[in-house]
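Protein chains in written order, with my numbering: chain A, 176 to 334; chain B, 994 to 1433.
Where is the CB? At the ideal position from N, CA and C, for every residue including glycine.
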Amino acid sequence: MSIETLLLQHEVDRLNAAYAAALDERRFTDWPGFFAEQGSYRLQARENHDRGLPLCLMHLESRGMMQDRVYGITQTIYHAPYYTRHVLSPAQVTPETADVVAAQTHYAVFRTKPGDTSEVFNVGRYIDELVREGATLRLRSRRVVYDTEMVLNSLIYPI
Amino acid sequence: MNAPQPLTRWPSPGSSRVPFWAYTDTALYQRELHAIFYGAHWNYVGLEVEIPNVGNYRLSHVGERQVIMVRDRVAPKDRGLDHGIRVVENRCAHRGVRFCQPSVNGAVANARSFVCPYHQWTYKLNGDLAGLPFKDGVKDGECTNGGMPADFDLQAHGLTKLRVAVLHGMVFATFSERAESLEDYLGPRLMPWLDRIFKGRKLVLLGTNRQRIPGNWKLMMENIKDPYHPGLLHTWFVTFGLWRADQKSRMVMDTHGRHAVMISRRNDGGANKSVTEGVTSFKADMALQDARLLDVVPEAWWTIDDPSHPGQTITPTVTMITLFPGLIIQQQVNSLSTRHIVPRGAGEFDFVWTHFGFEDDTPEMTQRRLRQANLFGPAGFVSADDGEVIELSQDGFAQAGEAGETLCELGGTGTEMTEHMVTETLIRSMYAYWRKVMAV
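Okay, structure coming up:
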């Protein structure tokens, strides 16, 4: 394995770690910054993904839409708040071609309502396309495909 | 007072107060399953478009019973008379195994026949028992060992078949032989609103979202019979004028009061003292960073002849249809879905959203429907609020025990139809019907 491949792997893992930390630490306003300006975020049930059906649970096509989601989380969606904890696998990275890095990462997200027990909330994988913007790697597309087709009531925060 | 004690424990006359035990009593819930879901009511099962080809099937539920919705072979002479859709219970007639499995990896589930793996009992797609191993025993020289009794009748041991009716591509089923026809069950007041969305159109499946809500199933029906809350709980509705009390609206119900349509026409939103002052969910300064999330484009089919005012037309932007006991049909601007309530005990139900469009939609319209789906479903800008509030309602009922009751007296205690939305009449009418069916 070349040193470039190792470095790229490390870079994607660092991005994922920072992404998960932003969400788990509830720094939601930082979340759109992991994406390119016209980046897309699609959170989709596995049954739809596998059948080639387009419906998503969240279908956001720009940083602006993601900011609208953040406003929803913090200002408009009435919900019982909960903590999330993301546990991520190392990324499987496909070497850079034509300036796009492809990567897949498995995740599990636990949900804990304040003062309550923890439960498995959502498990699945990230299917990513990343691009370089200057020195920074950003998500051009993050498709989150979840196995947990039955959502435990409502899903407020991005995965 | 020497009046005889009523035999029920319903606390007050009428249906404007609903006791908390109506949502929490497990024995009552078992009675509901039998009297309502397995009784003389039609239950939504799915969309025809989900099983496009012969042999395609999809697992669904009627009450807590899992059923198989399958497309059967139809002889050429019967086409036009027989839609070919069968609904059978997923439970082997031999030893009760729930044998039929969902598909994985994106294939549409498909079968030539249904075979229970335990003892290889084999059923036709319509549920008839086609055969079973060792029915006539196993030969051992001159004698025959075992076998089913000589009078064993294959025809008497099929899967449980439900009556099926298909309306505009929606599949309904009932366990009841007594149930009236689906058309009579829905009634003439509801039909124009179903025709408006579905009649003569081929549906395109966009996908499914599922959520498990820890609340009684009736709370979801109430939520969509309650025009009071949307402009108060849901910021998006009050701020962007998608649903609020200063809009032209109408509450329609069938003659039994069990089904309903909430009809309204959006306005421009913004401040209007009588409906926004002091409403914390109203955000006067809210503006979308990406306006495509609410890129509403009117569609020609929104306008119909007004069923209540002959000679006039009506152009709602939203119709929320509740078909008792377990189906909600949503048109909110360009977003369309069926929402299926699957009860799971007194305190929990699954809520299955199937979003769809139409065959003649442009790619832009499909994209628009998918974007507006961000408002609805388990993560929706609007609908996530509802799941949360239902969970918290159930929590409140549970902690109050036998004593408490909900109060539904906005617009009085009657059960009449209205030309406005400042009323809880549809909740009252559903409970008036529910009390009759449940004899409480």
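- In its chain, beyond the 5 residues on either side, 1206, 1207 and 1208 have a beta carbon closer than 7 Å to the beta carbon of residue 1384 (chain B).
- Boundaries of the beta strand (DSSP E) harbouring residue 1256 (chain B): 1253-1257, taken from the DSSP string.
- By the CB criterion at 8 Å, residue 1203 (chain B) and residue 325 (chain A) fall inside the cutoff.
- Membership of residue 1336 (chain B) in the beta strand (DSSP E) is indicated by the continuous run 1328-1336.
- Close to residue 294 (chain A), with beta-carbon spacing below 8 Å, lies no residue of chain B; the smallest spacing is near 12 Å.
- Around the Cβ of residue 1304 (chain B), a 10 Å sphere holds fewer than 16 other Cβ atoms; the residue is exposed.
- With contacts defined by Cβ atoms closer than 8 Å, residue 333 (chain A) and residue 289 (chain A) do not form a contacting pair.
- Two segments are said to touch when three or more pairs of C-beta atoms, one from each, lie closer than 8 Å; by this definition the segment 1284-1293 of chain B touches the segment 1354-1374 of chain B.
- Just so you know, the alpha carbons of residue 276 (chain A) and residue 302 (chain A) end up roughly 11 Å apart.
- By the neighbour-count criterion, in which a residue is buried when 16 or more other Cβ atoms sit within 10 angstroms of its Cβ, residue 1117 (chain B) is buried.
- Taking 8 Å as the CB threshold, residue 1064 (chain B) stays off the interface with chain A.
- For residue 1273 (chain B), the closest C-alpha among the options B:1344, B:1093, B:1044 and B:1224 is that of B:1224.
- Ranked by Cα distance from residue 1006 (chain B), the options B:1398, B:1394, B:1159 and B:1327 are led by B:1398.
- Beyond the five residues adjoining it in sequence on each side, residue 1386 (chain B) comes within less than 7 Å, by CB distance, of 1208 and 1212 in the same chain, given in chain order.
- Every alpha helix (DSSP H) of 4 residues or more that sits fully in the segment 1395-1432 of chain B is shown, in chain order, as 1418-1431.
- What residue 1226 (chain B) touches in chain A, judged by beta-carbon distance under 8 Å, is 253, going in chain order.
- Within the same chain, Cβ atoms closer than 6 Å to the Cβ of residue 298 (chain A) are found at 283, 322 and 323, the five residues on either side in sequence being excluded.
- Residue nearest to residue 1162 (chain B) within the set B:1173, B:1143, B:1188 and B:1168 is B:1188 (criterion: CA-CA distance).
- Close partners of residue 1382 (chain B) in chain A (Cβ separation under 8 Å): 253.
- Cα atoms of residue 1074 (chain B) and residue 1028 (chain B): separation of roughly 31 Å, rounded to the nearest angstrom.
- Excluding its 5 nearest sequence neighbours in each direction, residue 1130 (chain B) has C-beta neighbours in its own chain below 7 Å: 1137, 1138, 1139 and 1140, listed in chain order.
- Excluding five sequence positions before and after residue 239 (chain A), none of the CB atoms of its chain fall closer than 7 Å to its own CB.
- With fewer than 16 other beta carbons inside 10 angstroms of its own, residue 181 (chain A) counts as exposed.
- Neighbours of residue 286 (chain A) in chain B, taken as residues at a C-beta separation under 9 Å, are lacking, since the least C-beta distance is about 13 Å.
- About 6 Å separates the CB atoms of residue 1011 (chain B) and residue 1424 (chain B); that is less than 8 Å, so the two are in contact.
- When C-beta atoms of the segment 1191-1199 of chain B are compared with those of the segment 1342-1355 of chain B, three or more pairs fall below 8 Å, so the two segments count as touching.
- Per DSSP, the unbroken beta strand (DSSP E) holding residue 212 (chain A) starts and ends at 210-220.
- Put simply, the segment 1174-1194 of chain B touches the segment 1310-1324 of chain B. At least three CB pairs are less than 8 Å apart.
- A direct Cα-Cα distance of roughly 4 Å separates residue 1037 (chain B) from residue 1165 (chain B).
- In this structure, the CA atom of residue 1328 (chain B) is about 25 Å from the CA atom of residue 1247 (chain B).
- Going by beta carbons, residue 1369 (chain B) and residue 1229 (chain B) fall outside the 8 Å limit.
- For the pair residue 1339 (chain B) and residue 1022 (chain B), the CB atoms are nearer than the 8 Å cut-off.
- Apart from sequence neighbours up to five positions away, the residues of its chain that approach residue 1321 (chain B) with a beta-carbon distance below 6 Å are 1217, 1315 and 1332, ordered along the chain.
- In this structure, DSSP gives residue 303 (chain A) an extended state, which the three-state scheme calls strand.
- Our two residues, residue 327 (chain A) and residue 1210 (chain B), have alpha carbons roughly 15 Å apart in a direct line.
- Residue 1055 (chain B) is positioned such that its CB atom lies no closer than 8 Å to that of residue 1092 (chain B).
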